[in-house]
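S.K.:
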Amino acid sequence: MDLTIFVSPNTFLTMKSFFCQILLLYMIFGRLSAQGKFELKAFESFNFKERYAYALKVFVAIQHDTVAVKKYLQGALPIARQKKDHATEVLLQIQHFSYLYYIANHQSTRLVREAITEAIQTAEEYDLPIQLNIARIHYGGFLYKRENSYDKAYEVFLRAYEGLEEVGFEKMQYYPGATLSGILYYPGLNFYQLDDYANAIKFLQTAYQYPDYKDQFTTWQVMNTLGLCYLKSNQPEQAIKYFRKGHEYAKSINSEIWQGISYGNIGNTLIKSNKYTEALPYVKTDYETAKKRGEKESMFNALSNLMLIYYNKKQYKESEDALKEAEEMYRDIKELRYNQEYFNEFKLINIYRIKAGLYETEGNAIEALAYNKKYIKLKDSLDKRNDARKYKLVQQRLEAEKYVAKVNKLEEEKKTEIWKRNSAIFILVLGLGFGLFKYRDVKAKQKQAESQLDVFTKNFKAKSELADSLQKEINEMISQGQQVETLEQLKKKTILTEDDWSEFKILFDKVYPDFINNLYKQNPDITHAEVRLLALSQLNLRDHEMANMLGVSTDAIRKARYRFRKKTTM
9 MDLTIFVSPN
19 TFLTMKSFFC
29 QILLLYMIFG
39 RLSAQGKFEL
49 KAFESFNFKE
59 RYAYALKVFV
69 AIQHDTVAVK
79 KYLQGALPIA
89 RQKKDHATEV
99 LLQIQHFSYL
109 YYIANHQSTR
119 LVREAITEAI
129 QTAEEYDLPI
139 QLNIARIHYG
149 GFLYKRENSY
159 DKAYEVFLRA
169 YEGLEEVGFE
179 KMQYYPGATL
189 SGILYYPGLN
199 FYQLDDYANA
209 IKFLQTAYQY
219 PDYKDQFTTW
229 QVMNTLGLCY
239 LKSNQPEQAI
249 KYFRKGHEYA
259 KSINSEIWQG
269 ISYGNIGNTL
279 IKSNKYTEAL
289 PYVKTDYETA
299 KKRGEKESMF
309 NALSNLMLIY
319 YNKKQYKESE
329 DALKEAEEMY
339 RDIKELRYNQ
349 EYFNEFKLIN
359 IYRIKAGLYE
369 TEGNAIEALA
379 YNKKYIKLKD
389 SLDKRNDARK
399 YKLVQQRLEA
409 EKYVAKVNKL
419 EEEKKTEIWK
429 RNSAIFILVL
439 GLGFGLFKYR
449 DVKAKQKQAE
459 SQLDVFTKNF
469 KAKSELADSL
479 QKEINEMISQ
489 GQQVETLEQL
499 KKKTILTEDD
509 WSEFKILFDK
519 VYPDFINNLY
529 KQNPDITHAE
539 VRLLALSQLN
549 LRDHEMANML
559 GVSTDAIRKA
569 RYRFRKKTTM
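Okay, so the sequence shown: first residue is 9 according to this note's numbering, each after it adds one.
(1) Would you kindly work out how many angstroms separate the C-alpha atoms of P86 and A168, rounded to a whole number?
(2) Please name the residue, chosen from T187, K179, Y205, E133, that lies closest to Y162 on a Cα-to-Cα basis.
(3) Terminal residues of the continuous alpha helix (DSSP H) containing E328?
(4) Going by DSSP in three states, R361 sits in which element: helix, strand or coil?
(5) Is it right to say Y1 is buried, meaning 16 or more other beta carbons lie within 10 angstroms of its own, or is it exposed?
(6) Thinking C-beta only, is G83 closer than 8 Å to F46?
(7) Mapping DSSP to helix, strand and coil, what is Q71?
(8) Express the C-alpha separation of E420 and D340 in angstroms, rounding to a whole number.
(9) Would you tell me roughly how many angstroms separate the C-alpha atoms of Y383 and L140, rounded to the nearest one?
(10) Let me make sure I understand the geometry here. Which of K210, Y80, L212 has the alpha-carbon closest to that of K65?
(11) Among the residues of its own chain, which have a CB less than 7 Å from the CB of Q224, if the five just before and after it don't count?
(12) For the alpha helix (DSSP H) containing V164, name the first residue and the last one.
(13) Buried or exposed, going by whether 16 or more other CB atoms sit within 10 Å of the CB of G149?
(14) Around the Cβ of I433, are there at least 16 other Cβ atoms within 10 angstroms (buried) or fewer (exposed)?
(15) So the candidates are E132, L136, Q101, Y134; which of them puts its Cα closest to the Cα of V120?
(16) Out of curiosity, what's the CA-to-CA distance linking L136 and T424?
(17) Under a three-way DSSP split, which group does P137 fall into?
(18) I'd like to check one pair, Y200 with T227: are the Cβ atoms closer than 8 Å?
(19) When you compare each of N358, R540, V77 to M557 by their alpha carbons, which one comes out closest?
(20) Could you tell me whether the Cβ atoms of K387 and I357 are closer together than 8 Å?
(21) Just the C-alpha distance for R39 and T96, rounded to the nearest angstrom, thanks.
(22) DSSP three-state label for P521, please.
(23) Which first and last residues belong to the alpha helix (DSSP H) in which M180 is found?
(24) When the Cα atoms are used, what is the spatial distance from I128 to R144?
(25) Would a C-beta distance cut-off of 8 Å place A543 and F572 closer than the cut-off?
(26) Can you name the start and end residues of the alpha helix (DSSP H) that D193 belongs to?
(27) Applying the 10 Å Cβ sphere with the 16-neighbour rule, what's the burial state of L48?
(28) Can you find the residues in the same chain that come closer than 7 Å, C-beta to C-beta, to F54, ignoring five residues on each side of it along the sequence?
(29) Which ranges would you report for the alpha helix (DSSP H) in the stretch 516-567 if only whole runs of at least 4 residues count?
(30) Ordered along the chain, which non-local residues of its own chain (more than five positions away) have a Cβ less than 6 Å from that of S241?
(31) Is D220 helix, strand or coil when you go by DSSP?
(32) Could you compute how far the alpha carbon of P219 sits from the alpha carbon of T187?
(33) Please state if the CB of A568 and the CB of E538 are separated by a distance shorter than 8 Å.
(34) Tell me which same chain residues have a C-beta within less than 7 Å of the C-beta of T130, skipping the five on either side of it?
(35) Who are the near neighbours of G235 in its chain, counting only those whose CB is closer than 7 Å to its CB and skipping five residues on each side?
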């Protein structure tokens, strides 16, 4: 008969998630040698680099002594602030958060949140992007584990990833006390627990590319969890690839338990692909490893897989032997109180299914039917629980994605507003700059025109003086009865010609652009002679100077001015 196979991956992930989270601090801030007690004077005398390294060492050395940690932080933080050593200040603030959250008996949520928020704010204020995003990872873990705020944790983790990516993942290799694999593994694990395998793979793949081989725990877990993500994503070949890498690494560091888990996960993947013959040696190795170490739950999981494999290979005797041993193992495990949280009746589902199948092959229809009913009942119950869990996870993920979308929308709107503001400022500055340029250009041209008109006017005055001198000489020569034709001709040269007037008008219009036009508008019957008279008057020339320029007498100038005034007042 055909069997529907239910496989529970035999994996380290059955450990309490809290234990995983508690190790985050030590993965991120290094496994440095013990420094002993905190020396305040030494801490104060160090340069920035030395002080940072010292803070790492001290915290690792005294982390289990809550009194010493509290005293250390109270002494170190004021010094870091006084020395303006902001990188160390953020490190100490993160250590303070870790002290409150992980060590000091889980302090109040408010105090813990304030501690990590302070670290984030300090890193933002002093533009410390690496420290900022490390603090965000801690904050995301706090939101996920303490507050169950999956939506906010989701957004914080993604923002931290983008921040580290912007800084450059490769730079994390040179950052003291922080390893990229240690930083990114736990958010990746949280995404895996939310069934968000795409984001889990994104975080874990980056962690895999930047391993810290000193941290054997995280190095192997990254590979193993990547395999689980691909297995859950129905990518068996990729899953086996990373389970094999995990096995090779476990072998290189002589970890039998991790080798066994890796082989067990390869076996699970092959079973899901109905490759029972290929799966058998891996599951056998998993069983032998667990048996050697006395790990009964792992033995039970391996036996559950073995009875499935043997049954589907029609090796019924071997399947029955594995089944009997699994039943005995189940009874032993159930009696262990500490495992009740993780070990429940759903573990019996494959036992009932295999029993029903074996009784059927023996022709015992009554027993086959009885165990088949137990199997169906348990399967329905498991399906309902899984459906409820999936629904909850989907809801959590949708809420998280909705929250992220909302945050991104607000960020985009903020960027748009900033762009609009900056554009308006740019246009305003550009307009002011152009206006200033035009103003200066107009002023320069105005000044140039005034200068040219001044030169022209001075030239006129010089001619006027020459005309006065010639007239005086002419009068003397006439009184003596001498010929004056040549002097009369010279005097005419001092009179404003049409060409002179045209040149004068161009310069005059530049300096007084609307003067002549307004004269014509206000006095339509004004004559050209009157226009010339009024234009020269605008330059504050004396009557006799204007008379010389126009070739008339001073009296004629006065009469012309009088006639114009009389005409305009009528």
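Even glycine gets a Cβ: it sits at the ideal position worked out from N, Cα and C.
M.R.: So, to answer that:
(1) Counted from its first residue, the sequence shown places residue 86 at position 78. Counted from its first residue, the sequence shown places residue 168 at position 160. Whole-angstrom Cα-Cα distance: 27 Å.
(2) Here residue 162 refers to the residue found at position 154 when the sequence shown is read from its first residue. Shortest Cα-Cα distance from Y162 to any of T187, K179, Y205, E133 involves Y205.
(3) Taking the sequence shown and counting its residues from 1, one reaches residue 328 at position 320. Membership of E328 in the alpha helix (DSSP H) is indicated by the continuous run 324-342.
(4) Counted from its first residue, the sequence shown places residue 361 at position 353. R361 falls in the helix class under three-state DSSP.
(5) In this structure the chain extends from 9 to 578, so residue 1 is not present and cannot be described.
(6) Reading the sequence shown from its first residue, position 38 is the one you call residue 46. Reading the sequence shown from its first residue, position 75 is the one you call residue 83. A contact, by the Cβ cut-off of 8 Å.
(7) Working through the sequence shown from its first residue, we reach residue 71 at position 63. Coil.
(8) What you label residue 340 is simply residue 332 of the sequence shown in a count that begins at 1. What you label residue 420 is simply residue 412 of the sequence shown in a count that begins at 1. Those two C-alpha atoms are separated by around 58 Å.
(9) Against the sequence shown, residue 383 aligns to sequence position 375. Against the sequence shown, residue 140 aligns to sequence position 132. Looking at the two C-alpha atoms, the distance is approximately 52 Å.
(10) Here residue 65 is taken as the residue at index 57 of the sequence shown, counted from 1. The option with the nearest alpha carbon to K65 is Y80.
(11) Stepping through the sequence shown from its first residue, residue 224 is reached at position 216. Exclusion of the five residues before and after Q224 leaves I261 as the residues of its chain whose Cβ lies within less than 7 Å of its Cβ.
(12) Position 156 of the sequence shown, counting from 1, holds the residue named residue 164. For V164, the uninterrupted alpha helix (DSSP H) segment begins and ends at 158-175.
(13) The residue labelled residue 149 in the question sits at position 141 within the sequence shown. Counting Cβ neighbours within 10 Å, G149 comes out buried, since at least 16 surround it.
(14) Here the question's residue 433 lines up with position 425 in the sequence shown. By the 10 Å Cβ count, I433 comes out exposed.
(15) Looking up residue 120 in the sequence shown gives position 112. Cα-wise, what sits closest to V120 is Q101.
(16) In the sequence shown, residue 136 corresponds to position 128, counting from 1. In the sequence shown, residue 424 corresponds to position 416, counting from 1. Distance between the alpha carbons of L136 and T424: 25 Å.
(17) As a working mapping, residue 137 is identified with position 129 in the sequence shown. The answer is helix: DSSP assigns P137 an H, G or I state.
(18) Indexing the sequence shown from 1 puts residue 227 at position 219. Indexing the sequence shown from 1 puts residue 200 at position 192. No, the Cβ-Cβ distance between T227 and Y200 is not below 8 Å.
(19) Translated into the one-based positions of the sequence shown, residue 557 becomes position 549. Looking at the Cα atoms, R540 is the closest of the given residues.
(20) Walking along the sequence shown from the start, residue 387 turns up at place 379. Walking along the sequence shown from the start, residue 357 turns up at place 349. Judged by beta-carbon spacing, I357 lies within the 8 Å limit of K387, meaning their Cβ atoms are closer than that value.
(21) Start at 1 with the first residue of the sequence shown, and residue 39 comes out as number 31. Start at 1 with the first residue of the sequence shown, and residue 96 comes out as number 88. Because R39 carries a pLDDT of 39, less than 50, the predicted location of this residue cannot be relied on, and the following value inherits that uncertainty. When rounded, the distance between both Cα atoms is 17 Å.
(22) What you label residue 521 is simply residue 513 of the sequence shown in a count that begins at 1. Reduced to three states, the DSSP call for P521 is coil.
(23) Position 172 of the sequence shown, counted from the start, is the residue given in the question as residue 180. Element bounds for M180: n/a, residue is neither H nor E.
(24) Walking along the sequence shown from the start, residue 128 turns up at place 120. Walking along the sequence shown from the start, residue 144 turns up at place 136. Taking the straight line joining both Cα atoms gives about 7 Å.
(25) Against the sequence shown, residue 543 aligns to sequence position 535. Against the sequence shown, residue 572 aligns to sequence position 564. Result no, Cβ atoms of A543 and F572 do not sit closer than 8 Å.
(26) In the sequence shown, counting from the first residue as 1, residue 193 sits at position 185. According to the sequence shown, residue 193 is Tyr rather than Asp. Here the alpha helix (DSSP H) through Y193 covers 188-201.
(27) Counting from one through the sequence shown, the residue named residue 48 turns up at place 40. Under this definition L48 is an exposed residue.
(28) Sequence index remark: in the sequence shown, residue 54 carries index 46 (1-based). The answer, listed in chain order, is Y62.
(29) 523-530, 536-546, 551-558
(30) By 1-based counting over the sequence shown, the position of residue 241 is 233. So the list reads Y205, once near-sequence residues are dropped.
(31) Numbered from 1 along the sequence shown, position 212 holds the residue referred to as residue 220. The answer is coil: DSSP assigns D220 none of H, G, I, E or B.
(32) Here residue 219 refers to the residue found at position 211 of the sequence shown. Here residue 187 refers to the residue found at position 179 of the sequence shown. C-alpha separation (whole angstroms): 8 Å.
(33) In the sequence shown, counting from the first residue as 1, residue 538 sits at position 530. In the sequence shown, counting from the first residue as 1, residue 568 sits at position 560. The answer is yes: Cβ separation under 8 Å.
(34) Locating residue 130 in the sequence shown gives position 122, counting from the first residue. Correct list, in chain order: H94, E97, V98, Q101.
(35) In the sequence shown, the residue the question calls residue 235 occupies position 227. Cβ neighbours of G235 beyond the five flanking positions: A247, Y250, F251, G254, N273.
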